[in-house]
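S.K.: Residue 101 in this note's numbering is what sits at position 101 of the sequence shown, and the numbering runs on without skipping anything. Quick one: the structure is below, and I'll ask about it shortly.
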Amino acid sequence: MNEKRITILQLYPKDMNIYGDWGNVLVLKRRLEWHGYTPVLIEYNPGDSFPSDIDLVLGGGGQDSGQDTVQKDLLSISANLHDLADSGTPMLMICGLYQMFGKFFKAQDGHIIEGISLLDIETHAGPERLIGNIVTASSEFGDIVGYENHSGQTFLGTNIKPFGRVVKGAGNNGQDDTEGARYKNVIGTYLHGSILPKNPNIADFLIEKAVIKKYGEFTPTVIDDRFAELARNVALKRPR
Ligand code: GLN
Numbered sequence: 001m002n003e004k005r006i007t008i009l010q011l012y013p014k015d016m017n018i019y020g021d022w023g024n025v026l027v028l029k030r031r032l033e034w035h036g037y038t039p040v041l042i043e044y045n046p047g048d049s050f051p052s053d054i055d056l057v058l059g060g061g062g063q064d065s066g067q068d069t070v071q072k073d074l075l076s077i078s079a080n081l082h083d084l085a086d087s088g089t090p091m092l093m094i095c096g097l098y099q100m101f102g103k104f105f106k107a108q109d110g111h112i113i114e115g116i117s118l119l120d121i122e123t124h125a126g127p128e129r130l131i132g133n134i135v136t137a138s139s140e141f142g143d144i145v146g147y148e149n150h151s152g153q154t155f156l157g158t159n160i161k162p163f164g165r166v167v168k169g170a171g172n173n174g175q176d177d178t179e180g181a182r183y184k185n186v187i188g189t190y191l192h193g194s195i196l197p198k199n200p201n202i203a204d205f206l207i208e209k210a211v212i213k214k215y216g217e218f219t220p221t222v223i224d225d226r227f228a229e230l231a232r233n234v235a236l237k238r239p240r
C-alpha cells in the first residue's frame with residue numbers, strides 16, 4: 001500500500017488549547033485524508049522527548065498560568081523548532097503560543113514569560129482584555145474570520161510582517177491595525193474560533209507546504225466547502 005503520511009505535532013495540548021483550538025487539529029486530519037494523505041498526530045507535552053520527522057506544527061492558546069507551565073520546556077525545544085521553521089516546515093501558532101514564539105510576554109503583574117524569538121514580536125499585557133469576533137484581510141488568504149480573547153498587546157519588530165490587517169476587531173494591539181505575524185511558513189495569530197474550519201484555505205496552505213516539503217509535489221482534491229462557506233458568512237456578519 002502506497003501510504004503517504006503527514007505527521008502533525010501538536011504542542012502542549014494539555015496546557016495550551018482553548019476556545020476551540022482543538023478544531024484545528026481535526027480539520028487538518030480530515031482535509032489531509034480528503035487530499036489522499038494519512039495524518040499522524042503526535043501530542044507533545046512538557047517532558048516528552050522531541051520527535052523526529054515532523055511535517056507540520058500546531059499550537060494553541062492558554063491562560064497566562066498555562067504559559068508559565070510550558071515556558072521552561074518550550075525554551076528547551078527552541079532549537080528544534082527554529083530548525084523546522086527555517087527549513088520551511090509549516091506551523092500555526094495561536095494566541096498564547098503565538099506570543100511565546102516571540103521574544104517575551106510581559107504579564108499584568110510584571111513577570112516576564114520568555115519566548116523562543118522565532119518571530120520578531122514582543123507582547124505586553126494591556127489594561128483591558130481584547131475580546132470578540134474578528135475579521136482580518138490578507139492579500140494571500142482574503143478575508144480571515146475568527147474570535148480573539150487576549151490581554152496581551154503584541155508589537156511587531158522591523159524584521160517581520162503581519163499575518164493580516166484588521167477589518168473588525170483589535171488584532172495584535174488594538175492600535176496599529178496589524179494582526180498576527182508571518183515568518184517563512186510560520187503563521188502566528190490571535191484568531192481562535194477555531195480558525196481552520198472557517199478558513200479552509202489556510203488549512204490547505206499548511207497542508208500544501210507540508211506535502212511539497214516531504215513529497216516534492218501536491219495535487220489537491222477539490223473539496224466541497226459549502227458548509228465552511230456558510231459558517232464564514234455567518235461569522236462575517238456577527239457583531240463584534
Ligand atoms: N494569556 C495570554 C493573554 O491573555 C494568551 C491568551 C490566549 O491564549 N487566549 O494575552
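Even for Gly, the Cβ is constructed at its ideal location relative to N, Cα and C. Here the structure is a predicted model, which means the values were calculated and not measured.
When DSSP builds the beta bridges, which residues end up paired with His150?
M.R.: As a working mapping, residue 150 is identified with position 150 in the sequence shown. DSSP output for His150 lists Leu130 as bridge partner(s).
S.K.: Count the other CB atoms, across all protein chains shown, that sit within 10 Å of the CB of Leu75; report buried if there are 16 or more and exposed otherwise.
M.R.: Numbered from 1 along the sequence shown, position 75 holds the residue referred to as residue 75. It is exposed - the Cβ of Leu75 has fewer than 16 other Cβ atoms within 10 Å.
S.K.: Exposed or buried, what is Phe105 when buried is set at 16 or more other beta-carbons lying within 10 Å of its beta-carbon?
M.R.: Residue mapping note: residue 105 aligns to position 105 of the sequence shown, counting from 1. With 16 or more other Cβ atoms within 10 Å, it is buried.
S.K.: Within 10 angstroms of its Cβ, does Gln99 collect 16 or more other Cβ (buried), or is it exposed?
M.R.: Start at 1 with the first residue of the sequence shown, and residue 99 comes out as number 99. Result: buried.
S.K.: If you draw a straight line from the C-alpha of Asp177 to the C-alpha of Glu3, how long is it?
M.R.: Here the question's residue 177 lines up with position 177 in the sequence shown. Here the question's residue 3 lines up with position 3 in the sequence shown. One C-alpha to the other measures close to 44 Å.
S.K.: Determine the DSSP secondary structure at His82, reduced to helix, strand or coil.
M.R.: Your numbering for residue 82 matches position 82 in the sequence shown. Residue state, collapsed to three classes: helix.
S.K.: Per DSSP, which residues does His140 bridge with? Please list them.
M.R.: Position 140 of the sequence shown, counted from the first residue, corresponds to residue 140. Per the sequence presented here, residue 140 reads as Glu, with His not at that position. According to DSSP, Glu140 bridges with nothing at all.
S.K.: Please specify which runs of the alpha helix (DSSP H), each continuous and at least 4 residues long, are wholly inside the segment 16-66, giving them in chain order.
M.R.: Every alpha helix (DSSP H) stretch that sits fully inside the segment 16-66 and reaches 4 residues is listed by chain position as 22-34.
S.K.: Sorted by chain position, which residues of the same chain lie with C-beta nearer than 7 Å to Met16's C-beta, five sequence neighbours on each side aside?
M.R.: Position 16 of the sequence shown holds residue 16. Contacts found: Gly59, Gly60, Gly61, Gly62, Gly66, Val70, Gly96 and Leu97.
S.K.: Rounded C-beta distance between Thr89 and Val135? I'm assuming under 8 Å.
M.R.: As a working note, residue 89 is residue 89 in the sequence shown. As a working note, residue 135 is residue 135 in the sequence shown. About 28 Å separates the CB atoms of Thr89 and Val135; that is not less than 8 Å, and the two are not in contact.
S.K.: DSSP state of Arg232, grouped into three classes?
M.R.: Locating residue 232 in the sequence shown gives position 232, counting from the first residue. Note: Arg232 maps to helix in three-state DSSP.
S.K.: Go through its chain and collect everything with a Cβ distance to Val186's Cβ below 6 Å, but skip five positions before and after it.
M.R.: Start at 1 with the first residue of the sequence shown, and residue 186 comes out as number 186. Answer for Val186: Ala85 and Met91, listed in chain order.
S.K.: How many whole angstroms separate the CB atoms of Ile212 and Phe205, which I take to be in contact at a CB cut-off of 8 Å?
M.R.: For the purposes of this step, residue 212 is identified with residue 212 of the sequence shown, where counting begins at 1. For the purposes of this step, residue 205 is identified with residue 205 of the sequence shown, where counting begins at 1. That belief does not hold up - the Cβ atoms of Ile212 and Phe205 are roughly 11 Å apart, past 8 Å.
S.K.: Please identify the residue among Ala235, Asp109, Asp224 and Arg232 whose C-alpha is closest to the C-alpha of Arg31.
M.R.: Working through the sequence shown from its first residue, we reach residue 31 at position 31. Answer by Cα proximity: Asp224.
S.K.: Tell me the start and end of each unbroken beta strand (DSSP E) in the segment 87-121 that is at least 3 residues and wholly inside, in chain order.
M.R.: 91-94, 104-106 and 112-114
S.K.: Exposed or buried, which one is Asp53 when buried takes at least 16 other CB atoms within 10 Å?
M.R.: On the sequence shown, position 53 is the one that residue 53 refers to. Counting Cβ neighbours within 10 Å, Asp53 comes out exposed, since fewer than 16 surround it.
S.K.: With three or more beta-carbon pairs closer than 8 Å as the criterion, would you say the segment 108-119 touches the segment 135-147?
M.R.: no
S.K.: Can you name, in chain order, every residue of its own chain whose Cβ lies under 6 Å from the Cβ of Val40, other than the five neighbours on each side?
M.R.: For the purposes of this step, residue 40 is taken as residue 40 along the sequence shown, with counting starting at 1. Correct list, in chain order: Arg5 and Thr7.
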